[in-house]
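Asker: The numbers in our numbering rise by one with no breaks, and the one at position 104 of the sequence shown is 87.
C-beta: ideal position from N, C-alpha, C; glycine also.
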Amino acid sequence: MRIALVTGGAGGLGLATARRFAADGMTVAVADLDGEAAGKAAAGLKGKGHIGLKLDVADQESVVATFDRVENEIGPIAVLAHFAGTLGSGGTATGITLIEADVDDWDRVMRVNARGTFLCVREMARRRRAKPVEHGRVVTVSSLAGQTGGLQSGTAYSASKAAVLGLTRTAARDLSSLGITVNVIAPGPIDTPMLAQATGQTNSGTKYTKLDAVPLGRVGEPEEIAAAAAYLASVEAGFVTGATIDVNGGLFMH
Ligand SMILES: NC(=O)c1ccc[n+]([C@@H]2O[C@H](COP(=O)([O-])OP(=O)(O)OC[C@H]3O[C@@H](n4cnc5c(N)ncnc54)[C@H](O)[C@@H]3O)[C@@H](O)[C@H]2O)c1
């Protein structure tokens, strides 16, 4: 039995990934700032033994407590899929430009996206050094905005997601000695509440304003990110580490 911790597991992409992992036979701990939604998400997963927890990824004590609970109640985590993230106030139709960017928003976004990723990946490393598992996997989540700059998501968000790229590569080198691969998914526009916020829509990301620039001519579905996460989490992906997997409809090719 492989045990997965999915942070941000109550959100659009985290939830789709938790569902996919459960369908693939993993036991899943769904962790989210919204603990109630995490509980509901876990209860709705296929199979047995899943749990939902409240977690603030930016809070060191909360991260340690989450790993404690999952490892005590279920067992050692083989897969960390770190989806928790925030857009901050960069969610406007045009994005917040550097000149308008607010320092408090910068701190809030960096705290969740950069520091939160660091704390969760570091905790995973510490646990696996103390108690190794076979085929350990870490999947982090950046963004097209971290690769190309803001688009519709603003200065702090882009910078925080660029930090995730560097952190992932460093972690991939460091954790190789523990047999753990570390890879990052860089989604383009995917139909979730966050995309709706970024584009100033109330619900569907299908109104993404830069659709003309997407070679595949549509926004992505959460299940398409979950499929990438499932591959990176799989035993078969054992020779892939430090990679950035673009799931963006061709919006950014490099
Ligand atoms: N949807 C997109 O188009 C898109 C594109 C690129 C990158 N991403 C990234 O994918 C990830 C998931 O995004 P989504 O679209 O599912 O967004 P979402 O807003 O639907 O979900 C994000 C989840 O993270 C949780 N969260 C926020 N702060 C947290 C914290 N401090 N601790 C724990 N949980 C916290 C939220 O409660 C929410 O459930 C994010 O990292 C996001 O930046 C999304």
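1. Do the CB positions of residue 60 and residue 25 come within less than 9 Å of each other?
2. Would you call the region 29 to 38 and the region 1 to 16 touching, i.e. three or more CB-CB distances under 8 Å?
3. Using DSSP bridges, identify the partner residues of residue 174.
4. Determine whether the beta carbon atoms of residue 120 and residue 216 lie at a separation below 9 Å.
5. In whole angstroms, what separates the C-alpha of residue 147 from that of residue 32?
6. Are the C-beta atoms of residue 93 and some chain B residue less than 9 Å apart?
7. Determine the burial state of residue 188: buried for a count of at least 16 other Cβ atoms within 10 Å of its Cβ, exposed for fewer.
8. Less than 8 Å between the CB atoms is what I'm expecting for residue 0 and residue 212, so what's the real figure, rounded?
9. Could you tell me if the beta carbon of residue 180 falls within a distance shorter than 8 Å of some heavy atom in ligand 1?
10. Answer yes or no: the CB of residue 161 versus the heavy atoms of ligand 1, is any distance below 8 Å?
11. For residue 7, which residues from the same chain have a beta carbon less than 7 Å from its beta carbon, with the 5 sequence-adjacent residues on both sides left out?
12. How is the alpha helix (DSSP H) around residue 86 delimited, first residue to last?
13. Can you have a look at residue 218 and say buried or exposed, based on whether 16 or more other CB atoms are within 10 angstroms of its CB?
14. To the nearest angstrom, how far is the alpha carbon of residue 22 from that of residue 28?
15. Can you tell me which residues form a DSSP beta bridge with residue 37?
16. Would you mind reading off the limits of the beta strand (DSSP E) that contains residue 227?
17. With distances taken from CA atoms, which of 129, 105 and 163 is nearest residue 116?
18. Grab me the residues of residue 91's own chain with a C-beta within less than 6 Å of its C-beta, minus the 5 sequence neighbours each way, in chain order.
19. Tell me the rounded alpha-carbon separation between residue 158 and residue -15.
Answerer: Let's see:
1. no
2. yes
3. Per DSSP, none; premise fails for residue 174.
4. yes
5. Approximately 31 Å between the Cα atoms of the pair.
6. Given the protein chain composition of this structure (a single chain), no chain B is represented.
7. Residue confidence is low: residue 188 scores 48 on pLDDT, short of 50, so the model does not pin down where it sits. No coordinate-derived value is stated.
8. 5 Å
9. In terms of side-chain proximity, the C-beta atom of residue 180 is found nearer than 8 Å to a non-hydrogen atom of ligand 1.
10. For ligand 1, not one heavy atom lies less than 8 Å from the Cβ of residue 161.
11. 213
12. 86 to 93
13. Per the 10 Å Cβ criterion, exposed.
14. 10 Å
15. 15
16. 227 to 230
17. 163
18. 71
19. 19 Å
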